[in-house]
Amino acid sequence: MTSVDREIYDLILRYFNFGKTVDDDYYRELLRIVVKGESLESYIKEIKFDEEVPGGFYTYSERQISIDIRSSSIFANREARLFRFFDEEKRLAKLLICAHLLLHEVEHAKQFKLLDSSTDSVEYEILKASNLEHELVSREDYSEDNELLESMLGMWQSRYYKYYTFCPEERMADIGSYKRCYELSKNMGSIALRVSDYLLYSLYLSYLKGYDEISNPTKFYLSRINPKFDYAIIESSLGDVSVGERFYYGIDVPLGAKKILHRKSKALLMRSKR
57 MTSVDREIYD LILRYFNFGK TVDDDYYREL LRIVVKGESL ESYIKEIKFD EEVPGGFYTY
117 SERQISIDIR SSSIFANREA RLFRFFDEEK RLAKLLICAH LLLHEVEHAK QFKLLDSSTD
177 SVEYEILKAS NLEHELVSRE DYSEDNELLE SMLGMWQSRY YKYYTFCPEE RMADIGSYKR
237 CYELSKNMGS IALRVSDYLL YSLYLSYLKG YDEISNPTKF YLSRINPKFD YAIIESSLGD
297 VSVGERFYYG IDVPLGAKKI LHRKSKALLM RSKR
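Residue numbers 57 to 330, in the numbering used here, belong to the letters of the sequence shown in order.
This is the structure:
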């Protein structure tokens, strides 16, 4: 466990052991830990609590994460009911689910950091093609004209929401945040056993997202949101990637691998009903 994850772990258990529920301070402290520990000060300046934002949202131009505590709590309660948690399990699950919601937005900030680094990697190439917000905000001809920038961002966002299920940025942010919370839960003792099952179930669903409709969700998404992009650029950068990495990137995976994940996710859900 990294020092940052240790601090997150301590925060979650402190809230759990003292019977505290998720509040503004929980999100603020969690964000402080991650921003400082992962050098994200240039990418996340503040957190805003906004009831008009469903769940959470990261805004690159403002370097801000917006969170709606009410809708986040509703989401956490709904997810907790899925696994029929007992009261103590439910309290821990809500703390971890809300941590996931914030860490998901942090993953988006880290994606922008990666784009600024121009690192030669598969993830960089996918984000560069997918994340048009970074390009638009970074271009001087747009950044100096607020009206033009808002218009271009609006057109990009309409397509982004239309094809959200297949978006690689969302896939990678979901996988990264669920995996982190799952690893944290595995160290929390017997009280977290079924909560860990839930987080692993959610992680599997994140891997499978979009694959029931499309064999290559990322390629499909890019063809809709950035039709001029040459997908061969990504194919040439792949090299020898594992099946797990292919799920992470949202590219072609063996049919057998998808069937295995489906079986594993259903088994976890069935185990929760016993």
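Just so it is clear, CB atoms sit at the ideal spot from N, CA and C, and this is done for glycine as well.
If you're wondering where the values come from, they're calculated on a predicted model, not measured in any experiment.
Counting pairs of beta carbons, one from the stretch 259–268 and one from the stretch 156–171, are three or more of them closer than 8 Å?
-> Three or more Cβ pairs closer than 8 Å define a contact, and the stretch 259–268 falls short of that threshold against the stretch 156–171.
Note down, in chain order, each residue of its chain lying with its Cβ closer than 7 Å to the Cβ of E107, except the 5 sequence neighbours on either side.
-> What you label residue 107 is simply residue 51 of the sequence shown in a count that begins at 1. These residues qualify, in order along the chain: D124 and R126.
Among the residues of its own chain, which have a CB less than 7 Å from the CB of G111, if the five just before and after it don't count?
-> The residue labelled residue 111 in the question sits at position 55 within the sequence shown. So the list reads D124, S127, S128, F131 and L157, once near-sequence residues are dropped.
Nearest to S298 (by Cα), restricted to the options P310, E226 and Y287 = Working through the sequence shown from its first residue, we reach residue 298 at position 242. Between S298 and the set P310, E226 and Y287, the nearest pair of CA atoms involves P310.
State the start and end residues of the unbroken beta strand (DSSP E) segment that holds S252.
-> Taking the first residue of the sequence shown as 1, we reach residue 252 at position 196. For S252, no beta strand (DSSP E) run applies; the uninterrupted alpha helix (DSSP H) run containing it begins and ends at L249 to L264, by DSSP.
Round the Cβ separation of I103 and R119 to the nearest angstrom and send it over; I've been treating them as touching at under 8 Å.
-> Numbered from 1 along the sequence shown, position 47 holds the residue referred to as residue 103. Numbered from 1 along the sequence shown, position 63 holds the residue referred to as residue 119. Actually they are not in contact, since the Cβ atoms of I103 and R119 sit about 11 Å apart, beyond 8 Å.
Runs of alpha helix (DSSP H) wholly within the stretch 104–164 (minimum 4 residues, chain order) = Here the runs fully enclosed are 125–138.
Is the number of C-beta pairs between the stretch 145–152 and the stretch 175–187 that are closer than 8 Å three or more?
-> No, because fewer than three Cβ pairs between the stretch 145–152 and the stretch 175–187 fall closer than 8 Å, the two stretches do not touch.
Could you spell out the range, first to last residue, of the alpha helix (DSSP H) harbouring D81?
-> Residue numbering aside, residue 81 sits at position 25 when the sequence shown is read from its first letter. From DSSP, the alpha helix (DSSP H) with D81 extends over D80 to G93.
Nearest-angstrom Cα separation, counted from P283 out to K235 = Here residue 235 is taken as the residue at index 179 of the sequence shown, counted from 1. Here residue 283 is taken as the residue at index 227 of the sequence shown, counted from 1. K235 and P283: Cα-Cα distance of roughly 31 Å.
So, helix, strand or coil for E226, using DSSP?
-> Numbered from 1 along the sequence shown, position 170 holds the residue referred to as residue 226. In the structure shown, E226 sits in a helix (DSSP, three-state: H, G or I).
May I ask you to report which of helix, strand or coil DSSP gives E181?
-> As a first step, residue 181 must be located in the sequence shown, where it is residue number 125. DSSP places E181 within a helical segment (H, G or I) once states are collapsed to three.
So which of Y304, G245, L294 and I121 has the shortest CA-CA distance to L259?
-> Stepping through the sequence shown from its first residue, residue 259 is reached at position 203. By alpha-carbon distance to L259, the top candidate from Y304, G245, L294 and I121 is Y304.
Span of the alpha helix (DSSP H), counted from its first residue to its last, around P273 | As a first step, residue 273 is located in the sequence shown; it is residue number 217 there, counting from the start. Counting along the chain, P273 sits inside the alpha helix (DSSP H) bounded by residues P273 to I281.
Euclidean distance between Cα positions of N133 and K314 | Residue numbering aside, residue 133 sits at position 77 when the sequence shown is read from its first letter. Residue numbering aside, residue 314 sits at position 258 when the sequence shown is read from its first letter. About 29 Å.
When DSSP builds the beta bridges, which residues end up paired with E102?
-> As a working mapping, residue 102 is identified with position 46 in the sequence shown. DSSP output for E102 lists Q120 as bridge partner(s).
Measure from the alpha carbon of S321 to the alpha carbon of each residue in S174, D253, L67 and Y180, then state which is nearest.
-> Working through the sequence shown from its first residue, we reach residue 321 at position 265. Per the Cα distances, D253.
Counting pairs of beta carbons, one from the stretch 164–173 and one from the stretch 274–291, are three or more of them closer than 8 Å?
-> Flag = no, the stretch 164–173 and the stretch 274–291 do not touch.
Which of the three DSSP states, helix, strand or coil, is assigned to S214?
-> Taking the first residue of the sequence shown as 1, we reach residue 214 at position 158. Residue state, collapsed to three classes: helix.
Which class does M57 belong to by DSSP, given the choice of helix, strand or coil?
-> Counting from 1 along the sequence shown, the entry for residue 57 is found at position 1. Shown here, M57 sits in coil according to DSSP, grouped into three states, outside any helix or strand.
Using three-state DSSP, classify Y198 as helix, strand or coil.
-> Along the sequence shown, read from residue 1 onward, the residue named residue 198 stands at position 142. In this predicted model, Y198 has a pLDDT of only 49, less than 50, meaning its place in the structure is not dependable enough to derive any value.
Can you give the Cα-Cα distance for N83 and G312, rounded to whole angstroms?
-> By 1-based counting over the sequence shown, the position of residue 83 is 27. By 1-based counting over the sequence shown, the position of residue 312 is 256. Here the sequence assigns Tyr to residue 83, which means Asn is not the residue at that position. Each residue's alpha carbon lies about 40 Å from the other.
Are the beta-carbon atoms of F139 and Y238 separated by less than 9 Å?
-> Taking the sequence shown and counting its residues from 1, the one referred to as residue 139 is at position 83. Taking the sequence shown and counting its residues from 1, the one referred to as residue 238 is at position 182. Going by C-beta atoms, F139 is not nearer than 9 Å to Y238.
Helix, strand or coil: which one does DSSP assign to F168?
-> Taking the sequence shown and counting its residues from 1, the one referred to as residue 168 is at position 112. In the structure shown, F168 falls within a helical segment according to DSSP collapsed to helix, strand and coil.
E291 classed as buried or exposed, judged by whether at least 16 other C-beta atoms fall within 10 angstroms = The count along the sequence shown starts at 1 and reaches residue 291 at position 235. E291 counts as exposed, since fewer than 16 other beta carbons sit within 10 angstroms of its beta carbon.
From F74 to A288, what distance separates their C-alpha atoms?
-> Here residue 74 refers to the residue found at position 18 of the sequence shown. Here residue 288 refers to the residue found at position 232 of the sequence shown. Between the alpha carbons of F74 and A288 lies a gap of roughly 53 Å.
DSSP state of E269, grouped into three classes?
-> In the sequence shown, residue 269 corresponds to position 213, counting from 1. Of the three classes helix, strand and coil, the one that applies to E269 here is coil, per DSSP.
Compare the beta carbon distance of L240 and I64 with 9 Å and say whether it is the shorter of the two.
-> Here residue 240 refers to the residue found at position 184 of the sequence shown. Here residue 64 refers to the residue found at position 8 of the sequence shown. Taking the C-beta atoms as reference points, I64 is found nearer than 9 Å to L240.
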